[in-house]
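Residue numbers (our numbering): 8 to 221. Accompanying notes for the structure given below.
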């Protein structure tokens, strides 16, 4: 657990304390069990483990822990030519919710978009509250979309426009259930995962860039 992750977790403790007091006023005696249970759950949800990586410049890595739920083709204005391969990862409540950069590069665009609050595993969750980052690297642009889920609908960012990133560097924290999309220019890379595969942020290869022909 890093301190900046812990700072985000503690915002939920007053609610547990309030519930503890309300139960006491009703004549029940939770004796701190509600607060203890909440703190334990928060430590689980907001854990932020250290992870080493010996990066390969030809690889785009997973941005999040979870399960790949979809690989498809979409149109995106931030991707050159607007045609993109999208790899979508769903984060369950038990997954680490810190997101990481798939590649080395500089943040060339950022956007916070208000949206709905559907469960993150549903197809229309892509219209939820989300944060988009465009990362320009040696092999071109990668777009990362952090999508909030149903519970907290909050995304905490630890990077900003103009920052230089290393592969696997922390981007931020999506609170509770969520999803993360990686968009690569269509045809630029061979996708190495498929729906149902489990991935780890900053460690699992998602795609390998194709050789550049002269």
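The C-beta atom is built at its ideal place from N, Cα and C for all residues, glycine as well. Please read these numbers as outputs of a predicted model, since none were measured by experiment.
For residue i, the three-state DSSP class (helix, strand or coil)
{"i": "residue 52", "result": "helix"}
{"i": "residue 141", "result": "strand"}
{"i": "residue 212", "result": "strand"}
{"i": "residue 168", "result": "coil"}
{"i": "residue 59", "result": "coil"}
{"i": "residue 100", "result": "coil"}
{"i": "residue 176", "result": "coil"}
{"i": "residue 88", "result": "coil"}
{"i": "residue 218", "result": "coil"}
{"i": "residue 69", "result": "coil"}
{"i": "residue 205", "result": "strand"}
{"i": "residue 136", "result": "coil"}
8 Å Cβ shell around residue i - same chain, five flanking residues per side excluded
{"i": "residue 175", "result": "58, 60, 62, 68, 107, 108, 208, 209 and 210"}
{"i": "residue 173", "result": "62, 108 and 111"}
{"i": "residue 56", "result": "103"}
{"i": "residue 78", "result": "92, 93, 94, 95, 198, 200, 201 and 202"}
{"i": "residue 206", "result": "69, 71, 72, 73, 74, 75, 96, 200 and 213"}
{"i": "residue 142", "result": "108, 109, 110, 112, 113, 114, 115, 148, 149, 150, 151 and 172"}
Extent of the continuous beta strand (DSSP E) to which residue i belongs
{"i": "residue 185", "result": "185-192"}
{"i": "residue 63", "result": "No beta strand (DSSP E) contains residue 63, which DSSP labels as neither H nor E."}
{"i": "residue 198", "result": "196-198"}
{"i": "residue 107", "result": "105-107"}
{"i": "residue 77", "result": "73-82"}
{"i": "residue 118", "result": "112-120"}
{"i": "residue 155", "result": "147-155"}
Given residue i as reference, the closest of the options once Cα atoms are compared
{"i": "residue 151", "options": "191, 97, 135 and 206", "result": "191"}
{"i": "residue 204", "options": "94, 90 and 219", "result": "94"}
{"i": "residue 64", "options": "202, 206, 201 and 196", "result": "196"}
{"i": "residue 149", "options": "215, 54, 202 and 206", "result": "215"}
{"i": "residue 200", "options": "52, 89, 212 and 53", "result": "212"}
{"i": "residue 85", "options": "140, 180, 206 and 194", "result": "140"}
{"i": "residue 52", "options": "180, 66, 147 and 146", "result": "180"}
{"i": "residue 146", "options": "163, 194 and 188", "result": "194"}
Cβ neighbours of residue i in the same chain (closer than 6 Å, five flanking residues each side left out)
{"i": "residue 170", "result": "114"}
{"i": "residue 177", "result": "105, 107 and 165"}
{"i": "residue 81", "result": "91 and 93"}
{"i": "residue 117", "result": "140 and 168"}
Classification of residue i by the beta-carbon crowding that lies within 10 angstroms, buried from 16 upward
{"i": "residue 2", "result": "Absent from the structure is residue 2, since the part of the chain shown begins at 8 and ends at 221."}
{"i": "residue 120", "result": "exposed"}
{"i": "residue 100", "result": "exposed"}
{"i": "residue 70", "result": "buried"}
{"i": "residue 219", "result": "exposed"}
{"i": "residue 202", "result": "exposed"}
{"i": "residue 144", "result": "buried"}
{"i": "residue 217", "result": "exposed"}
Close-in-space but distant-in-sequence residues of the same chain around residue i (CB under 7 Å, 5 per side omitted)
{"i": "residue 224", "result": "Absent from the structure is residue 224, since the part of the chain shown begins at 8 and ends at 221."}
{"i": "residue 83", "result": "89, 91, 150 and 190"}
{"i": "residue 66", "result": "212 and 215"}
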